[in-house]
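Here's the structure we're looking at; comments come further down.
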Amino acid sequence: MKKLIMVVMAGMLLVSLALPAMAVSPSTYTFEMAARMLTDIGWQSKSEELTKNQSSEVGTWFVNMPGHSYLRARFYSVDKNVGGRIELGLKSLQPEASVSLRYAYGYWRVGKCRILAGQTDNWFGSLAYHVRQYVGLNENSHLLLFGWGALWPHRVPQVQFTYNTDTWGVQFALEEPRNKGTWGGATNVDTTFIMPRMTLTFMFKYGAFMTHPGILFVKHDYEAGAGASDESWDTLAIVLPIKFTAGAFTLKFQGHWGKNFATEIPFYSTAWTSPVLSGSSVEDTTIWGGYLAGEYSIGKIMVTGGVGYENWSNDTWVTEDETTRWGAFVAVPYQFTKNFSVHPEFSYYKYGDNPNTGNDMGNEWLLGVQFRFVF
Numbered sequence: 039m040k041k042l043i044m045v046v047m048a049g050m051l052l053v054s055l056a057l058p059a060m061a062v063s064p065s066t067y068t069f070e071m072a073a074r075m076l077t078d079i080g081w082q083s084k085s086e087e088l089t090k091n092q093s094s095e096v097g098t099w100f101v102n103m104p105g106h107s108y109l110r111a112r113f114y115s116v117d118k119n120v121g122g123r124i125e126l127g128l129k130s131l132q133p134e135a136s137v138s139l140r141y142a143y144g145y146w147r148v149g150k151c152r153i154l155a156g157q158t159d160n161w162f163g164s165l166a167y168h169v170r171q172y173v174g175l176n177e178n179s180h181l182l183l184f185g186w187g188a189l190w191p192h193r194v195p196q197v198q199f200t201y202n203t204d205t206w207g208v209q210f211a212l213e214e215p216r217n218k219g220t221w222g223g224a225t226n227v228d229t230t231f232i233m234p235r236m237t238l239t240f241m242f243k244y245g246a247f248m249t250h251p252g253i254l255f256v257k258h259d260y261e262a263g264a265g266a267s268d269e270s271w272d273t274l275a276i277v278l279p280i281k282f283t284a285g286a287f288t289l290k291f292q293g294h295w296g297k298n299f300a301t302e303i304p305f306y307s308t309a310w311t312s313p314v315l316s317g318s319s320v321e322d323t324t325i326w327g328g329y330l331a332g333e334y335s336i337g338k339i340m341v342t343g344g345v346g347y348e349n350w351s352n353d354t355w356v357t358e359d360e361t362t363r364w365g366a367f368v369a370v371p372y373q374f375t376k377n378f379s380v381h382p383e384f385s386y387y388k389y390g391d392n393p394n395t396g397n398d399m400g401n402e403w404l405l406g407v408q409f410r411f412v413f
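In the working numbering, the protein residues as written are 39 to 413.
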C-alpha cells in the first residue's frame, strides 16, 4: 500500500508537469499543487461500557496519519472562469495504508453565477464553520465534533448552481444519496429514488457576521417483492450555522434538526439515528443538536474550545423514547512557521443511556498532539 501511495503521488506530479507541454496552447491555463501531512500521537481511554469485556476500562497509545491528510491539484483557466480540483486523502493506520478520493470536480463561472459538477461538499453544513477539534480521527471518528453536535453531509457527486454577491447568495444542488440500503429488518425490496438528494442553502454576510442556513432532503422508496410491503422514508436536515469575528476572537455556532440521519449524514450512530421498521410501518428517528465554540488568537498561539450536544428520539424504543450525548474539547495550537504547526488537544465524549435498556453506554477521552505540515 505504501508503494501505491508513492506511485499515485508521483503520477499526479508527473501529470501536472506534463500537462503544459501536452496542451495546444500552454498559456491557456495554470495549475498549482498543495499537500497536507498530519500525524497524531496520543492516548485514548474507553470506559468499561465501550470495551469488549464490558468489565474494565481500556487505554492505549496511538500514533498514525489521519485520513484528512491530502495531496491536491488545482487547475484554472487564464481568466479564472473555468477551473477544477482533484484531491486525494492519505491515511496510514498500520498494518494498512490507503488512498481515498476527497474532491474531483470542475466549474464554470459567469458573472455572479457558477455551475459546478463532480465530487465535493457544498454550502450546506459548510466547513467554513468547523471547530478546531483535530486529534484522533482514526481512533474514534470524532473529527470536528461530527455527529457530536456538528452536522456535515460529506462529499458526494453532485451538480450545483450558485449565485452570490459579496453579501448574500443562494445555492441549489442535486446530489447522489449516500444511503442506498434498507432499514433494519426490511428484505426483498428494491430501492428507488424519485429525485436525487437535494440541498438548498442561503448565504448572508454583514461585517463580522456570517451565516449559511440550509435544508437537505432525500426520499427513499422501496418497491416490495414477494412477502414484503411497499414503504418509504425521508432523510431531512435543517441547519443554521453562525460565525462572528471580532478582532482576535471568533465565535462559532451550529444548530440542526431533522430525521433519519444514519448513513446519509456520516458520523451519526447507525443504531440510534436510523428509521425503525415496526411491523409494516416505518417510525422516524428525530434528531436535533448543535455546538458552540470559541477561538482566541494571541500572536502565533490560539486558545480554543467547544461543546456539542445531540438529542435523538423514536417512539419504538423500549425504556425511554429519547437518548442524549455530548462531547467537548479544548486545544492550544501553536504556529511555528507558515507551513508547520502543532495542535495539543484534550477531548471528552459522553455516550448517554441506551434507550432500550436504560443502561449507561459509557464515555471516552483522548489526550494528544497533532503535527501539521501544510504546503
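Just so it is clear, CB atoms sit at the ideal spot from N, CA and C, and this is done for glycine as well.
Out of Lys150, Thr362, Thr361 and Phe384, the CA that lies nearest to the CA of Pro371 is found in Phe384. The beta carbon of Glu95 lies closer than 6 Å to those of Ser85 and Glu86 in the same chain, with the five residues before and after it left out. Each residue's CA atom was taken as its position, placing Gly127 and Ser138 some 5 Å apart.
Linking Gly296 to Asn392 through their CA atoms gives a straight-line distance of about 21 Å. Of all C-beta pairs linking the segment 155 to 163 to the segment 243 to 261, three or more are shorter than 8 Å, placing the two stretches in contact.
Rounded to the nearest whole angstrom, the CA to CA distance from Ser379 to Gly337 is 13 Å.
Within the DSSP bridge table, the entry for Tyr244 names Phe247 as partners. In this model, Asn377 and Glu402 are separated by some 32 Å (Cα to Cα). Assignment of beta-bridge partners to Trp186 by DSSP yields no partner.
For Ser107, the uninterrupted beta strand (DSSP E) segment begins and ends at Val96 to Ser115. DSSP places Ala166 in the helix class (H, G or I) of the three-state scheme. Distance from the CA atom of Tyr108 to the CA atom of Arg410, rounded to whole angstroms, is 12 Å.
If you look at Pro195, you'll find it in the beta strand (DSSP E) that goes Val194 to Asn202. When only Cα atoms are considered, Trp355 and Met399 end up about 15 Å apart. For Trp310, there is no enclosing beta strand (DSSP E), as DSSP gives it neither H nor E. Under DSSP, Glu360 forms a beta bridge with Ser351. In this structure the segment 198 to 206 lies against the segment 137 to 154, because at least three pairs of beta carbons, one per stretch, are closer than 8 Å. Assignment of Thr66 by DSSP, reduced to helix, strand and coil, places it in the helix class. Per DSSP, the beta-bridge partners of Phe291 are Ile280 and Leu330. In its chain, beyond the 5 residues on either side, Glu213, Pro215 and Val256 have a beta carbon closer than 6 Å to the beta carbon of Arg235. With distances taken between CA atoms, Val169 lies nearest to His381 out of Trp146, Ser316, His381 and Gly245.
The Cβ atoms of Ala275 and His294 lie closer than 8 Å to each other. Beta-bridge partners assigned by DSSP to Arg235: Glu213. A distance below 7 Å between beta-carbons, with the five flanking residues on each side excluded, links Ile232 to the following residues of its chain, in chain order: Lys257 and Asp259.
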